[in-house]
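Below is one structure, written out as structure tokens, with a few remarks after it.
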Amino acid sequence: MRRTLFTAFSALALAVAAPTFALADDPAADGGGGGGGKTQSVEDRHKDATAAEVEAGWARAPVKETATATPHTVAVNGRVLHYTATAGTLTIRDDDGKPTASMFYVAYTLDGVDPSTPRPVTFFYNGGPGSSSIWLHMGSFAPMRVRTANPETIRPAPFAFGPNDQTLLDKTDMVFLDAIGTGYSRPLGAVEPKAFWGVDQDADAFAKGIMRYVTKNSRWNSPKFLFGESYGTTRSAAVAYQLQDRGMALNGVVLLSSILNFGVETPGYDEVYIGYLPSYAATAWYHNKIANKPADLATFVAQARAFALGPYAAALAKGHLITPEERDSIAQQMSALTGLSPEFIKRANLRVDLDRFQKELLRDQRLTVGRFDSRYTGIDSDAAGSSPDYDPSDTAISGAFIGTFSDYVARELKFQTDMPYRVAAYGLKDFDWDWKHKSPTGGDTETTPDVAQDLAVAMRTNPYLHVLSLNGYYDMATPFTSTEYDLSHMMLEPTQQKNLEFRYYPSGHMVYLNPDALKQMHADLSDFYDRTVESAQRGGLERSSPAPASPARRPPPAQ
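Numbering (our numbering), first residue to last: 49 to 607.
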């Protein structure tokens, strides 16, 4: 590489210094003084000069770690919090110490904290896989956020972006990390991006990034938490085990809108339909498709859950051996809960795929419902067909989040780079996620990962590790009933089950888009942080409420 650069820059210097007319005709121009060397044409010299210029202007991730710190304030509950925002990079290395990747992060740390105080630090990330962490960063608990309200499309610029009175900075320092190949995170040198694009490869990179941040910033004695959303929960389960296996014990893991066992998507198995049904019911309730609609959503969802786990699951287990009478009965009960007609349900063999539900529920109004958040509605090119043209809950927010971050990171955080910020890696060449996973429980390598087992091992070996599952009623990307199933199949002992808690909110996949849900979630997290940190100090978690029944069967609390 050095020889290539030297040659290119030498050509550039020669092209600038030599008279134009001499380049093609002067025998001395080839360096041979008439010794028979081939004369380089003007075109070739121009190509070399351009190549050198491109090389010099190539925006790359730095091998040497960078950090830009800026001071800020935010008001929370009548208090003015002074904090430092640091935008920078962490260099990830292999076992031989060779740099392999540069991981971009933004950290928010409270100023003036007594070093002896057990100030927690929490690592945040979205999922995808292949997504940056722009969504959590701009929408949830950072000191600044995009202001959202009703489930409607956010208007174009200027965007409503400002101080976040629900920031978690009052409870924890926060570090938002971008996966390699997303955001400003990049592989280094000859390392290919696909070296990080897989369940285990990604978990290894995040474990190394977190350990590097903790070491660099002297946070080994701080209570440590993970906060993942969507595939970020898959990552958290794997990373929790990997960190613990490498000597870093965590205090807590927060799972927002979870998917832990990808076996649910295996064709021929009915668990996915059982998981969807209570979410369908919540969606029908929201859009007033329920006859004699109950006033309380939580109670209605509990009825749907009981039906899904009982009569519905039993009926699906019979396959085509189900009797016509039972099929009719199940279809009628499903219709009462989901707002779909019994005829439509029977035509689908009692198994309504998500895209069909999105298209069918409001077909009479020529509307579709969202996948990430079923409160949102969209308009397709026509009202026929079996699936929606797009997800209105995705397109409704993307412009505001991306536009706001692009301005904020440069203007407020003062982070300067010529690299593009990659919101996602989905469209990149060779992006093909490796789903193979080596479970800590042993056995063959999994091709459809179940990382709930990784989390279970971490909880068994660390009795002070506490897990909080946060769920949106209107999330149909990661339905809450499927989350309950995955977590209840970790097969924890009763003493370990007490370290697992659930909360539910009237919102979708990105619970924080609903301001009321964000406020309640902040309260729930504050309580969780206080009790979890205290448990590490005292040796046991004192619950603020009695332990719930099995999460797969208990009704969620009303919000």
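The beta carbon of each residue, even a glycine, is placed where N, CA and C say it ideally should be.
Would you report the Cα separation of A109 and T230, rounded to the nearest angstrom?
Distance from the CA atom of A109 to the CA atom of T230, rounded to whole angstroms, is 12 Å.
Pick from S179, M192, Q568: whose alpha carbon is nearest that of G475?
Proximity to G475 across S179, M192, Q568 peaks at S179, based on C-alpha coordinates.
DSSP three-state label for D412, please.
Reduced to three states, the DSSP call for D412 is helix.
Nonlocal neighbours in the same chain, by C-beta distance under 6 Å from T496, ignoring five residues either side
Around T496: F310, G311.
What number of angstroms, rounded off, separates the C-alpha of G175 from the C-alpha of G276?
So the alpha carbons of these two residues sit roughly 7 Å apart.
Taking DSSP as the reference, what is the three-state secondary structure of Y131?
Per DSSP, reduced to three states, the secondary structure at Y131 is strand.
Tell me whether T580, by its Cβ, gets closer than 7 Å to a heavy atom of the ligand SAM.
Ligands in the displayed structure: none, and consequently the ligand SAM is not present.
Please state whether the Cβ-Cβ distance between G556 and F420 is less than 8 Å.
Cβ distance < 8 Å, so G556 and F420 count as in contact.
Alpha carbons only, please: which of P511, A565, R459 is nearest the one belonging to P542?
Shortest Cα-Cα distance from P542 to any of P511, A565, R459 involves P511.
With L298 and D218 assumed to form a contact (beta carbons below 8 Å), what rounded beta-carbon distance in angstroms separates them?
Their Cβ separation, rounded to whole angstroms, is 21 Å, which puts L298 and D218 out of contact at 8 Å.
How big is the Cα-Cα spacing for A473 and R234?
Cα-Cα distance, rounded: 11 Å.
With DSSP collapsed to three states, give me the class of K407.
Correct three-state label for K407: helix.
Since A155 is in the beta strand (DSSP E), which residue starts that stretch and which ends it?
Where A155 is concerned, the enclosing beta strand (DSSP E) stretches over 147–158.
Cutting at 8 Å between CB atoms, please list the residues of its own chain near G257, excluding the five before and the five after it.
The answer, listed in chain order, is L138, I140, M151, Y153, L225.
On the CB-based measure, 16 or more other CB atoms within 10 Å of its CB, does R470 come out buried or exposed?
Burial call: buried.
Quick check on the burial criterion: 16 or more other C-beta atoms within 10 angstroms. Buried or exposed for V169?
By the 10 Å Cβ count, V169 comes out buried.
Under a Cβ-count criterion, where at least 16 other Cβ atoms within 10 Å of its own Cβ denotes burial, should D480 be classed as buried or exposed?
Exposed, since its Cβ has fewer than 16 Cβ neighbours within 10 Å.
Where does R586 fall in DSSP's three states?
Here DSSP, grouped into helix, strand and coil, assigns R586 to helix.
Pick out whichever of F189, A97, A208, G587 has its Cα sitting closest to the Cα of D455.
The option with the nearest alpha carbon to D455 is A208.
Could you name each continuous alpha helix (DSSP H) segment of 4 residues or more that falls completely within the segment 164–226, going from the start of the chain to the end?
The segment 164–226 contains these whole alpha helix (DSSP H) runs: 182–187.
The segment 310–324 contacting the segment 392–411, beta-carbon criterion three pairs below 8 Å:
Taking 8 Å as the limit for Cβ pairs, the verdict is that the segment 392–411 does touch the segment 310–324.
Quick check: the Cα distance between L566 and N212, rounded to an integer number of angstroms?
L566 and N212: Cα-Cα distance of roughly 11 Å.
What are the residues that DSSP puts in a beta bridge with E549?
In the DSSP output, where bridge partners are listed per residue, E549 has L516.
Grab me the residues of A329's own chain with a C-beta within less than 7 Å of its C-beta, minus the 5 sequence neighbours each way, in chain order.
Taken in chain order, the residues that qualify are F348, V349, A352, L385, T386.
Taking the continuous beta strand (DSSP E) assigned at G300, which residues delimit it?
Unbroken beta strand (DSSP E) run through G300: 300–306.
Residues near A155 in its chain [Cβ-Cβ closer than 6 Å; skip 5 each side]:
Hits under 6 Å: T134, V223.
Evaluate A432 with the Cβ neighbour count: other Cβ atoms within 10 Å of its Cβ, from every protein chain shown; 16 or more gives buried, anything less gives exposed.
Counting the other CB atoms within 10 Å of its CB gives A432 a total below 16, which places it among the exposed residues.
Rounded separation between F392 and S487 - CA only:
Spanning the two alpha carbons is a distance of roughly 41 Å.
By Cβ distance below 7 Å, which residues in the same chain neighbour A506 in space, the five residues on each side in sequence not counted?
Spatial neighbours of A506 in its own chain (CB-CB distance under 7 Å, excluding positions within 5 residues in sequence) are listed in chain order as A288, Y289, Q292, L513.
Where the beta strand (DSSP E) containing A444 begins and where it ends:
Following the DSSP letters along the chain, one finds A444 in no beta strand (DSSP E) but inside the alpha helix (DSSP H) bounded by residues 440–459.
Just to confirm my understanding: we take M259, look at its own chain, exclude 5 residues before and 5 after, and list those with CB closer than 8 Å. What are they?
Within the same chain, M259 has close Cβ partners L291, R294, M296.
Excluding the 5 residues flanking S58 on each side, which residues of the same chain have their C-beta closer than 7 Å to its C-beta?
Confidence at S58 is low in this model, with a pLDDT of 40, below 50, so the placement of that residue should be treated as unreliable; the coordinate-derived value is given next. Hits under 7 Å: none found.
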